[in-house]
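Chains as they are written, first to last, in our numbering: chain E, 190 to 500; chain B, 966 to 1533; chain S, 6 to 296.
Even for Gly, the Cβ is constructed at its ideal location relative to N, Cα and C.
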């Protein structure tokens, strides 16, 4: 905690693609002030250190959502994140750098637009105010304070580590979910979620953890959309088949027996392609032909039946 | 070579007025180009609309109530009451139904009634206090993007193109690429908002540096009531970057209580409940604060406090976006008071317009929303303005052909813009330092409390900045790529021009009214000063006239009142 | 110390060596583990998406089983740990939901009350036993061993539910490594994803993610990665050759389970810890500590 620190050291990413062969870093010492934010540090550098560091911000109070940067490896909003004594400040990941800390947000915005994040009514709007209770918007409500800062998308390993560009990313899914969960929306949101390859989400909670407004992006947006996909997509659909098969295996054994699940998800042919690995695992005792731990299977099957019958 | 774009209508500004103008022009079948210095619905003032007022216009009594709310408490009798009536009706019959249809959720209870300030049913929030403007703008942004309305973001309008006494386009700088742009259009709509970052503490966002005002003023267009400057009395004192975090003095969600202000001795000196009809009691807060400052129990930049400690703060957790922000800053609002300072907020004045059409004194140039001179600080009103401006601009565009632009004018403006892309000379100053100095002068000498000597001194200091600092101004780097130093340099010129016009207007008004306080004229003079201050640039300096205000329905009761005890 | 032990599916199958080593380590430390043999799978990330009520019901059953024994639950799987904690939290909080779930459980003669707490084995080591007591049990300090701690996701995030460590800069595992006399190496991926949850459906995504983790650990000159979750272990050990191919890692980085690593310090025999049951050889680790 920088409570007693007298200065903040900020190592700032500098890069002008028009003239710099490669990114570089410049380090600045900034006098510490109580309650100082990362944005105050950047302001100080811009105003007092004689360099024209490019950094974007508008409001300073977490409404414009435009001051996202990476601080010590974590994507944050500069206006919101408390300054720490030693900081490496870099642009947000998963977006192209325009100059220094300024990134091109256009690609993420276009991805969001591809998911058609406008409310789609099929019934005519009646009159103001329309009949609506807070309970009816319970699912959409926690997503309404999203400021589209894209910090969650910058944190996503499916984009950062896997470079899986077909994946729409958490920020865009929040916008899709927000309209999808609005009680008056009648758009085909399942098709759009699948278009954004929602099942490539790895459930790592990086998005939830990074969100500056405290939205549990994974549980309240992405997984609820996944749930809707499972509920509305034909049983034969490839994307959701794995989920159903998972429950089938669970129903049968009370546990997951990985070889059975693998064979059913991938099919015999595809499983054979992993034959070398499977053989290595088998040799090491990692594959049991039959599940061993099925003691509770009967009770578990009974509970599954009770819950499923209720529906 | 400049990039040239032809369009029917160009809209400058990405707030609610600009967004509505663009949507209306698009709906009317026009080619429209939206230019935003920041980003649509992210920069500018509209995102700061924390409260929405549920205007009703079902009966003549209700209409009169809302007319009084706007005219007296938000307009200080300087607003056009017929305009207020039209905008109120639009709010009730168009704004709310349209935006709700598009997905705005006004916070309701589990039985479906609106969460309002208890019993009074006037304020509503989407979906919580402090966030409404963000939500409204997000919906408008998505609609504009989905309709693929042409837009240039991070593009700064620098000047107005005129020919034969009419507006024929604008010039602009693409901040990302450093490219000069010429837009030829049959009509120009400037919607750059009411707030500008012209004083050390200001609610305006980073990019708001009076560019819209300056573009009009430099073109000789009439400006009005520039001196009527609102201040927020309760924005948090620190950290500096968070000075825009506003402790709303307005009626609050699900409670009859409102926030209280305390002096340095922790004595309460203000709450909105003292003036039930003043739903935006900003001018009144300041009068009370002034007494505290006079008594040495507060200062303008701190030493006084806002607090929720008298009330059940669970309503804040449930219904306000402020609660998490204050918690994040370490405040336990059930126990702690929050240190505040005042901030330069919206200017009631701006470009003088015909309120039937939003057209300025220059044909073809429209000024809807806060950049106009009729502002009452309401999101639905500026939305109305945008639609009106676009409708009239559309009629104009359809009936006229483009006369072409004056090439010499374009060349001169391009030269002016490019001349600022200049390396810092030895012992020179960077534009950000000049901006800081201008803001300091305005903060110290054009604060809430004004007098003739202070204002004359401010003029002298601005003249000195113009003569001494501006000529040695240069940039840390002359890259054309996203060079905000360059933008700052262009801002400096606009800021000085407008700050001077503000001071001249303030010197000319010899009374006090609403948020405008002259310590050397501490009375409200409804007999001689129910007048608009109209200023325009003339050959040598500025020309000021005073034009009587037309009071259609509501009139002040007293001819002359002591300023500090007047209840508006 | 007596705890209800929830091994999860992996420790009984793909990571059988984890189950065996955990039993051996508990025995050596004098921890009495009562295995919840009849418990169901916690549902990984799939069940909560397919059928949330079933997810709650099956995990409530597991918790009720532990409650009936009057014991808290310990698990060696991060994802299971999170699932059990989340269900526990939610059912403790929401009365009507708890009643619904209990109606289901009554059919098999069980009742969920919310009296058992759930912890990961790592937290038991550091919070219940403590660094000091642990240090006294270490008979074979693993000096010179450079260890990459792998926290992964589900024992750190979501922070609200877990709250044991700082998800952005966790330190608990590093402390444990130091207690064992080894050196924790810093690498950016320690608290990031292993890709497991899409391994079966989108292995090209999963292996690129795990490949990055391997590369990061190798660049930090780690001798091995130690995992707190068998799912991470599966991404990093049996799938290591696929993963390494995506990032240029060596494909030869030993991946140890937390109990195996601890067991070495406790003086257990590598055989007892089933260190020979990995796809990637753990030999270099044993060599380094001269075993």
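Expected contact under 8 Å - CB spacing of residue i and residue j to nearest Å
i	j	result
residue 454 of chain E	residue 430 of chain E	7 Å
residue 1290 of chain B	residue 250 of chain E	7 Å
residue 1186 of chain B	residue 1366 of chain B	Contact flag wrong, Cβ pair sits at about 23 Å.
residue 239 of chain S	residue 20 of chain S	7 Å
residue 1191 of chain B	residue 1467 of chain B	5 Å
residue 359 of chain E	residue 198 of chain S	Between residue 198 of chain S and residue 359 of chain E the Cβ distance is about 13 Å, and since that is not below 8 Å, they are no contact.
residue 260 of chain S	residue 241 of chain S	5 Å
For residue j and residue i, the rounded distance between their alpha carbons
i	j	result
residue 1506 of chain B	residue 1243 of chain B	38 Å
residue 279 of chain S	residue 232 of chain S	15 Å
residue 1030 of chain B	residue 1088 of chain B	14 Å
residue 107 of chain S	residue 67 of chain S	12 Å
residue 1058 of chain B	residue 1421 of chain B	47 Å
residue 1428 of chain B	residue 371 of chain E	56 Å
residue 988 of chain B	residue 374 of chain E	22 Å
residue 500 of chain E	residue 490 of chain E	16 Å
residue 248 of chain E	residue 1527 of chain B	37 Å
residue 222 of chain S	residue 230 of chain S	7 Å
residue 1259 of chain B	residue 337 of chain E	44 Å
residue 977 of chain B	residue 412 of chain E	40 Å
residue 1222 of chain B	residue 1214 of chain B	10 Å
residue 1353 of chain B	residue 1123 of chain B	24 Å
residue 157 of chain S	residue 46 of chain S	20 Å
residue 999 of chain B	residue 1154 of chain B	9 Å
residue 133 of chain S	residue 216 of chain E	43 Å
residue 30 of chain S	residue 245 of chain S	26 Å
residue 1514 of chain B	residue 1039 of chain B	15 Å
residue 467 of chain E	residue 81 of chain S	24 Å
residue 69 of chain S	residue 166 of chain S	20 Å
residue 1364 of chain B	residue 986 of chain B	18 Å
residue 1070 of chain B	residue 255 of chain E	24 Å
residue 1323 of chain B	residue 990 of chain B	14 Å
Bounding residues of the alpha helix (DSSP H) (the contiguous stretch that carries residue i)
i	result
residue 971 of chain B	Taken as a continuous stretch (DSSP letters only), residue 971 of chain B belongs to no alpha helix (DSSP H), being part of the beta strand (DSSP E) at 968-977.
residue 1259 of chain B	1247-1259
residue 1338 of chain B	Taken as a continuous stretch (DSSP letters only), residue 1338 of chain B belongs to no alpha helix (DSSP H), as it is neither H nor E.
residue 265 of chain E	Element bounds for residue 265 of chain E: not the alpha helix (DSSP H) but the beta strand (DSSP E), 263-266.
residue 239 of chain S	235-241
residue 1377 of chain B	1372-1384
Residue interval of the beta strand (DSSP E) (run including residue i)
i	result
residue 329 of chain S	Residue 329 of chain S is absent from the model: chain S starts at 6 and stops at 296.
residue 202 of chain E	196-203
residue 1126 of chain B	1120-1128
residue 11 of chain S	7-11
residue 1311 of chain B	1303-1312
residue 1226 of chain B	1225-1227
CB of residue i within 8 Å of CB of residue j, strictly
i	j	result
residue 96 of chain S	residue 59 of chain S	no
residue 1303 of chain B	residue 1278 of chain B	no
residue 1146 of chain B	residue 1400 of chain B	no
residue 1407 of chain B	residue 1423 of chain B	yes
residue 125 of chain S	residue 182 of chain S	no
residue 486 of chain E	residue 442 of chain E	yes
residue 1402 of chain B	residue 1306 of chain B	no
residue 1255 of chain B	residue 1414 of chain B	yes
residue 1498 of chain B	residue 1440 of chain B	no
residue 142 of chain S	residue 23 of chain S	no
residue 138 of chain S	residue 190 of chain S	no
residue 348 of chain E	residue 365 of chain E	no
residue 290 of chain E	residue 260 of chain E	no
What are the start and end residues of each continuous alpha helix (DSSP H) run of 4 or more residues lying completely inside the region 1439-1474 of chain B, in chain order?
1449-1473
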